[in-house]
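Below is one structure, written out as structure tokens, with a few remarks after it.
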């Protein structure tokens, strides 16, 4: 059951982060099959990663794991960054194509659209890493403050369970 729950979580994260780019790509008539394949590549990578020992150790750190989940969902809400990532990917593909002597970007070309989708996904994961770092820092700071306050009060609370992970 836990595996299915984890799979659904990562699937929803990938879909949420791909939604803006997909809607924009469809509106601009980019190759839908290539965009879909690009999203499937990231879904498969995340699902494979969730089956590793690294992931199992990661979920043991409650604060870090929560930060990752929140960071990816917050990242999905940063629409302008999704658009800029797509534009950056289009520029990379266009400049690379010109260096290779190819024509301008074709929104119907499968390979170009797939590469743009993959580059955009990589950019979004880099942005997500920064968001995750901010969320992690804020959670760690909040829990540390809560820990110090509770030490002064000599009171116990549920939040202390999360603080023990930080020690």
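Residue numbers (the working numbering): 56 to 222.
Using N, Cα and C, we set each Cβ at its ideal position, and we do this for glycine too.
Own chain residues within Cβ distance below 6 Å of residue i, not counting five before or after
i, result
"residue 144", "171, 174 and 175"
"residue 222", "Because the pLDDT of residue 222 is 44, which lies under 50, any placement of that residue in the model is unreliable, and the question is left without a value."
"residue 81", "none"
Nearest neighbour of residue i, chosen from the options [CA to CA]
i, options, result
"residue 88", "121, 128 and 164", "164"
"residue 99", "182, 202, 205 and 61", "61"
"residue 63", "80, 82 and 105", "105"
"residue 137", "181, 201 and 205", "181"
"residue 166", "58, 90 and 113", "90"
"residue 74", "204, 177, 132 and 149", "132"
"residue 177", "113, 97, 83 and 77", "97"
"residue 94", "70, 114 and 124", "70"
Supposed close pair residue i, residue j - CB separation, criterion 8 Å
i, j, result
"residue 179", "residue 72", "6 Å"
"residue 130", "residue 183", "4 Å"
"residue 128", "residue 68", "7 Å"
"residue 152", "residue 79", "Actually they do not touch by this definition, with Cβ atoms about 20 Å apart."
Beta-carbon proximity list for residue i, same chain, < 7 Å, skipping 5 on both sides
i, result
"residue 135", "none"
"residue 147", "174"
"residue 122", "187, 190, 191 and 194"
"residue 185", "none"
"residue 200", "none"
Own chain partners of residue i with C-beta closer than 8 Å, once the 5 adjacent residues on each side are dropped
i, result
"residue 55", "Because the chain in this structure spans residues 56 to 222, residue 55 falls outside the shown range and cannot be described."
"residue 92", "169 and 172"
Go through the segment 98–131 residue by residue and report every complete run of the alpha helix (DSSP H) that reaches 4 residues or more, in order. Counting whole runs of 4 or more residues, the segment 98–131 contains the alpha helix (DSSP H) stretches 108–113 and 117–131.
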